[in-house]
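Engineer: These protein sequence lines are chains C and E, in that order. If you count the first sequence from 1, you need to add 5 to reach our numbering. If you count the second sequence from 1, you need to add 5 to reach our numbering. Sharing a structure here in structure tokens format.
2 protein chains.
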Amino acid sequence: MAGSVTEMENKQVVLTEYVTGFPKESHLAVRNGGKIQLKAPQGSVLVKNLYLSCDPYMRGRMSPPKAGGDPNFASFTPGSPIQGFGVGKVVDSGVAEFKSGDFVWGVTSWEEYSIISNTKTLFKITNTEDVPLSYYTGLLGMPGVTAYFGFHDVCAPKKGEYVFVSAASGAVGQLVGQFAKLAGCYVLKSKFGFDEAFNYKEENDLDAALKRYFPEGIDIYFENVGGKMLDAVLSNIRVHGRIAVCGMISQYNLEHHEGVHNLAAMIYKRVRMQGFVSFDYFARYSELLDDVVPYVKEGKIAYVEDVAEGLENGPAALVGLFSGRNVGKQVVAVAHE
Amino acid sequence: MAGSVTEMENKQVVLTEYVTGFPKESHLAVRNGGKIQLKAPQGSVLVKNLYLSCDPYMRGRMSPPKAGGDPNFASFTPGSPIQGFGVGKVVDSGVAEFKSGDFVWGVTSWEEYSIISNTKTLFKITNTEDVPLSYYTGLLGMPGVTAYFGFHDVCAPKKGEYVFVSAASGAVGQLVGQFAKLAGCYVLKSKFGFDEAFNYKEENDLDAALKRYFPEGIDIYFENVGGKMLDAVLSNIRVHGRIAVCGMISQYNLEHHEGVHNLAAMIYKRVRMQGFVSFDYFARYSELLDDVVPYVKEGKIAYVEDVAEGLENGPAALVGLFSGRNVGKQVVAVAHE
């Protein structure tokens, strides 16, 4: 009937209170958010969320607000749904770039249906045949952008260089290792096909472990961990080494971050250490697609997901990141279409 | 008489033993090194040393040898004269590029006369009129190269940016501040004409001090100090900030370097932190002369030296660097011509 608007129940995951220290499942609650009209206001898009991405940076958004922060990483609001990257299907569109039925990825909320008003970070998915939709939360989404541009742009790799990737079982880490192999570098091996690997939580002497795995030293370190791991790398870095600082997951839950003691090595070794965020590279997203999708089709990239089924399993999946429970990219499947 | 060779007594400053912790005058001894023939072997240059440079990096060369170090920064040998940059006059030359009577600067030994066999780091001084010879241990020598290329190349400054220089009373620090002013940046003031200055050893709350001096935050930090100072800067760094890591004088005498806790700020702030050494820029030395000598002639660069007279006062001058005794570039005058 013309003019009629469907209404749906809208389950949500909300932050119950700001987090200090390790996040617990009780910091998040699954609730019925009431009914939502499946109608996009002008300038916005209404999506049905399919896959939600669990990413380590979200820990920072669970902390109390700080002055002067980047709006992309603003604190969540207790009592409101948390936000993150996800894949969805457009139900109704109030902007010209998207139409009903489009698949999209970008920043959305943890709920069944979302109104997305900031469509600057929303991308239309044009290739739904060669890769599963969920990959747009990882390999072809924000973590892919992070890994691809972080490695190629920030690390500036050369063939034959020694590359160490920490947190190599996460979404970004597994990709950086593979991009490095494809670039002709020597990298850590693991189940994802790297040359060597070790679990940083089990190694008492990280420095000795790195000396064992990299007797020639490390040219490139893709930093996801921080703290003692960074110190061990600085003890083993080569002249003109590069460190791309992507994340420091070992530090996010500590009230006082561990001290890093070996920074003086940067001087004589002429080390470049560079922080970066994926948002700065979104304008170049098509380069990633052009380069990586062919590799996926040829089976040259292995991509492992850890999928939690149902929004009600979202809190455990997200919190599990920080104990390293996930093997591969952690995703929450809200619906499959 | 043809064929006769003059012999001279040769006073020297030698390392008595390797240093751990703060260096003391007793780690250095002035001795008579015996007679030296004033004749350069083929491939070497014999110089009369005039001015010797006291530089913080020399502390590292007083420590016991470490495996895999840069040969430019190899440990001194106990019982032998220490080495460093200096200005001298060629007495006899066994290479074509230098002749008797030339003034030169480069790596020499702490003694009255030196045979310099590595002439790769020896530069002929062609302009002895516009600047005092001693300036080639500082403004127009290694510290000048460090400050000039460290600031212009590593920091990549833009007009109007906020620049913080630590250890601004040292040879490098005083120059970086002035190069930054000439580049149209806002910098810390001190007796050398910077906008603001504070003494890092007297400030209990470095973070608060920096917030007071840089309410807008810091775009460029020229790091000479390390430790707590670096942490305070990381708390006040702006998006896309740059940190040139030139030295960490607060750490050189500590057995265990202080921990730096705020590195995670590098991520969201997209900070680039870059270690460098002057040796990598010596090939571009003429750029420094072309740019800086006119400023000196126009009185647009103030350059302060702290000159200790006589080789016997060398140990106290060098050791004094690490208690911050010097005001301006610390030089030892061995002879004035």
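Where is the CB? At the ideal position from N, CA and C, for every residue including glycine.
Determine, using beta carbons only, whether V282 of chain E comes closer than 9 Å to chain C.
Structural biologist: yes
Engineer: Taking the beta carbon of Q47 of chain C as the centre, do at least 16 other beta carbons fall within 10 Å, making it buried, or is it exposed?
Structural biologist: exposed
Engineer: So, with DSSP's three-state summary, where would you put Q256 of chain C?
Structural biologist: Residue state, collapsed to three classes: coil.
Engineer: Cβ of M234 of chain C less than 9 Å from any chain E Cβ?
Structural biologist: no
Engineer: If I follow the unbroken beta strand (DSSP E) through Y56 of chain E, where does it start and stop?
Structural biologist: First-last of the beta strand (DSSP E) with Y56 of chain E: V50 to S58.
Engineer: With DSSP run on the structure shown, which of helix, strand or coil describes T113 of chain E?
Structural biologist: strand
Engineer: By the three-class DSSP mapping on this structure, what secondary structure does K233 of chain C have?
Structural biologist: Helix.
Engineer: Going by other Cβ atoms of all chains shown within 10 Å of its Cβ, with 16 needed for buried, is F197 of chain E buried or exposed?
Structural biologist: For F197 of chain E, the predicted structure reports a pLDDT of 41, less than 50, and the residue's modelled location is therefore unreliable. The matter cannot be settled from this model.
Engineer: So V265 of chain E contacts chain C; which residues on that side make the cut at Cβ distance below 7 Å?
Structural biologist: G264, V265 and L268
Engineer: Exposed or buried, what is S31 of chain C when buried is set at 16 or more other beta-carbons lying within 10 Å of its beta-carbon?
Structural biologist: exposed
Engineer: Which residues in chain E have a C-beta closer than 8 Å to the C-beta of I272 of chain C? List them in chain order.
Structural biologist: V250, C251, G252, M253, G280, F281 and V282
Engineer: Who are the neighbours of H261 of chain E on chain D, taking C-beta pairs under 8 Å?
Structural biologist: Of the chains in the structure shown, none is chain D; the protein chains are C and E.
Engineer: At a CB-CB cut-off below 9 Å, which residues of chain E make contact with D75 of chain C?
Structural biologist: V244, Y273 and K274
Engineer: Measure from the C-beta of R277 of chain E to each C-beta in chain C and report whether the shortest distance is under 9 Å.
Structural biologist: yes
Engineer: Closer than 7 Å, Cβ to any Cβ of chain C: which residues of the region 163 to 180 of chain E, in chain order?
Structural biologist: Contacts with chain C (Cβ-Cβ distance below 7 Å) from the region 163 to 180 of chain E involve no residue at all.
Engineer: Take S68 of chain E as the anchor and find which of E:G89, E:S171, E:L20 and E:F90 has the nearest alpha-carbon.
Structural biologist: The candidate whose alpha carbon is nearest that of S68 of chain E is E:L20.
Engineer: Quick check: the region 244 to 261 of chain C against the region 117 to 136 of chain C, are at least 3 beta-carbon pairs closer than 8 Å?
Structural biologist: no
Engineer: Indicate the three-state DSSP secondary structure (helix, strand or coil) for E310 of chain E in the structure shown.
Structural biologist: strand
Engineer: Can you pull the DSSP bridge partners for M147 of chain E?
Structural biologist: None, per the DSSP bridge assignment.
Engineer: Would you list the residues sitting across from N331 of chain E in a DSSP beta bridge?
Structural biologist: Answer is none; N331 of chain E lacks a bridge partner.
Engineer: Using the C-alpha atoms, what's the distance from C190 of chain C back to V163 of chain C?
Structural biologist: Per the sequence shown, residue 163 of chain C should be read as Lys rather than Val. In a straight line, the C-alpha of K163 of chain C is about 7 Å away from that of C190 of chain C.
Engineer: Going along chain C, which residues have a C-beta under 7 Å from F78 of chain E?
Structural biologist: Y273
Engineer: Does the CB of Q17 of chain E have a neighbour CB from chain C at under 9 Å?
Structural biologist: Not one chain C Cβ lies under 9 Å of Q17 of chain E.
Engineer: Can you give me the C-alpha to C-alpha distance between F199 of chain C and A185 of chain E, rounded to a whole angstrom?
Structural biologist: Here the model assigns F199 of chain C a pLDDT of 49, short of 50, so the residue's position is not dependable, and the following value carries that caveat. Between F199 of chain C and A185 of chain E, the C-alpha separation is close to 45 Å.
Engineer: State the beta-bridge partners of Q17 of chain E as determined by DSSP.
Structural biologist: E:R36 and E:E116
Engineer: With 16 as the cutoff for other CB atoms within 10 Å, does Q17 of chain E come out buried or exposed?
Structural biologist: buried
Engineer: Between F154 of chain C and N132 of chain C, what straight-line distance do the alpha-carbon atoms span, to the nearest angstrom?
Structural biologist: 21 Å
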